[in-house]
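Asks: Here it is, the structure, as structure tokens.
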Amino acid sequence: MWYSRIGDHYNSLYEVTEALKRAGLESSNLIVGIDFTKSNEWTGEKSYGGQSLHHTGNGQNPYEQAISIIGKTLAAFDEDNLIPCYGFGDASTHDQDIFSLSQNGAPCNGFEEVLSQYRFILPHLKLAGPTSFAPIIEMAMTIVEKSGGLYHVLLIIADGQVTGSEDTEGGKLSPQERKTVQALVDASKFPLSIILVGVGDGPWDMMKEYDDYIPARDFDNFQFVNFTEIMSKDVEPSKKEAKFALSALMEIPFQYKATMELNLLGERKGYHPDRVALPRPFCDLSNLHC
Numbered sequence: 001m002w003y004s005r006i007g008d009h010y011n012s013l014y015e016v017t018e019a020l021k022r023a024g025l026e027s028s029n030l031i032v033g034i035d036f037t038k039s040n041e042w043t044g045e046k047s048y049g050g051q052s053l054h055h056t057g058n059g060q061n062p063y064e065q066a067i068s069i070i071g072k073t074l075a076a077f078d079e080d081n082l083i084p085c086y087g088f089g090d091a092s093t094h095d096q097d098i099f100s101l102s103q104n105g106a107p108c109n110g111f112e113e114v115l116s117q118y119r120f121i122l123p124h125l126k127l128a129g130p131t132s133f134a135p136i137i138e139m140a141m142t143i144v145e146k147s148g149g150l151y152h153v154l155l156i157i158a159d160g161q162v163t164g165s166e167d168t169e170g171g172k173l174s175p176q177e178r179k180t181v182q183a184l185v186d187a188s189k190f191p192l193s194i195i196l197v198g199v200g201d202g203p204w205d206m207m208k209e210y211d212d213y214i215p216a217r218d219f220d221n222f223q224f225v226n227f228t229e230i231m232s233k234d235v236e237p238s239k240k241e242a243k244f245a246l247s248a249l250m251e252i253p254f255q256y257k258a259t260m261e262l263n264l265l266g267e268r269k270g271y272h273p274d275r276v277a278l279p280r281p282f283c284d285l286s287n288l289h290c
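One point on numbering: in this note's numbering, the residue at position 268 of the sequence shown is 268, and numbering is uninterrupted.
Here it is in structure tokens:
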């Protein structure tokens, strides 16, 4: 298979999908992780009219937009259209676990069902924290191993970077940062690409420089994209969507190629984190102890 570099001038999601095909991407399976930390309530102050980033009205919020755009673009590469989808950072998971968005833990049937399950669960969640991406990355590794080594793309959508500690001395990583970095290193032994989409006001400086904090990996498996920066441009909506999709997915063909060259694709490692998702929570928000 020949791989080519993707250009950067596209006007629609269809054009981005076709460019990924021409660049050599053959198949991928999407996994979605959604950030339900409490900071979502205020990090839309500038970018989302002061509303919670999880606010749902007539239009789509930033989380729904990101899921829709990436879901549409990658749908052509997903044979079964089943998308495992998880939440993290709420009062039931904090920085230790993840929960399944679906009632029985089954994957969602297409990104449309991801969106409907997301809207269904929102009223039953209590936002909390702190933020760690380690549990969702470990869940993705578990899924990849159990699939027999099929190539997957983990889409993490979050309103903030991994929680640092005020007590951490300069230059040292917090426990959440250390675990996330280790999970990224471990994930490079699996056919798994990880895309972090930043929604809201940020700050995102740590995420932009995250590669510098990550020790040697088997391949460069991580990409950060600033959703707010791209979608705030004064251009046609279709062009903004295409730009966001391209920014998120442009490294995917090369990462896919790397998994083939490293003999990761279609191979079981014989081990995985054995991460299990919690059932989706139902929190009575009138009960402060839920």
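All C-beta atoms, glycine included, are put in the ideal place defined by N, C-alpha and C.
Keep in mind the model is a prediction, meaning the values are calculated, not measured.
1. Could you check what DSSP says for Ile337 in three-state terms: helix, strand or coil?
2. Is DSSP giving Gly33 helix, strand or coil here?
3. Tell me the DSSP secondary structure of Val162 in three-state form.
4. With H, G and I counted as helix, E and B as strand and the rest as coil, what does DSSP make of Ala216?
5. Secondary structure at Gly87, three-state DSSP: helix, strand or coil?
6. Kindly indicate which three-state DSSP category Gly71 falls into: helix, strand or coil?
7. Under 7 Å: does the beta carbon of Phe227 sit that close to some heavy atom of the ligand NAP?
8. Which residues does DSSP pair with Gln223 in a beta bridge?
9. Here's the rule: buried if 16 or more other CB atoms are within 10 angstroms of the residue's CB, otherwise exposed. What is Ala248?
10. So for Met1, helix, strand or coil by DSSP?
11. Take the Cβ of Asp80 as the centre, count every other Cβ of all protein chains shown within 10 Å, and call the residue buried at 16 or more, exposed below.
12. Less than 8 Å between the CB atoms is what I'm expecting for Leu30 and Leu74, so what's the real figure, rounded?
13. Specify the secondary structure class of Phe133 as computed by DSSP and reduced to three states.
14. What number of angstroms, rounded off, separates the C-alpha of Tyr86 from the C-alpha of Glu236?
15. Hey, would you say Thr131 sits closer than 8 Å to Asp35, going by beta carbons?
16. Would you call Glu209 buried or exposed, if buried means 16 or more other Cβ atoms sit within 10 Å of its Cβ?
17. Got a sec, what are the start and stop residues for the alpha helix (DSSP H) Lys21 sits in?
18. Looking at the strands, I want to know which residues DSSP matches up with Val153.
19. Can you tell me the Cβ-Cβ gap for Leu196 and Ile156, rounded? I've got them flagged as a contact below 8 Å.
20. What's the gap between the Cα of Tyr271 and the Cα of Glu145?
21. Buried or exposed: Glu241, going by 16 or more other Cβ atoms within 10 Å of its Cβ?
22. What's the C-alpha gap between Gly71 and Lys243?
23. Within 8 Å, do at least three Cβ pairs link the region 211-225 to the region 182-193?
24. What's the C-alpha gap between Val16 and Tyr10?
Replies: With the structure as the only source:
1. No answer is possible for residue 337: the residues shown for the chain start at 1 and end at 290.
2. strand
3. coil
4. coil
5. strand
6. helix
7. In the structure on display, the ligand NAP does not appear, and there are no ligands present to speak of.
8. Ile195
9. buried
10. Only weak support is given to the placement of Met1: the predicted model assigns it a pLDDT of 46, under 50, and the value that follows is read from those uncertain coordinates. The answer is coil: DSSP assigns Met1 none of H, G, I, E or B.
11. exposed
12. 5 Å
13. coil
14. 31 Å
15. yes
16. exposed
17. 13-23
18. Leu30, Ser193
19. 5 Å
20. 7 Å
21. buried
22. 15 Å
23. yes
24. 6 Å
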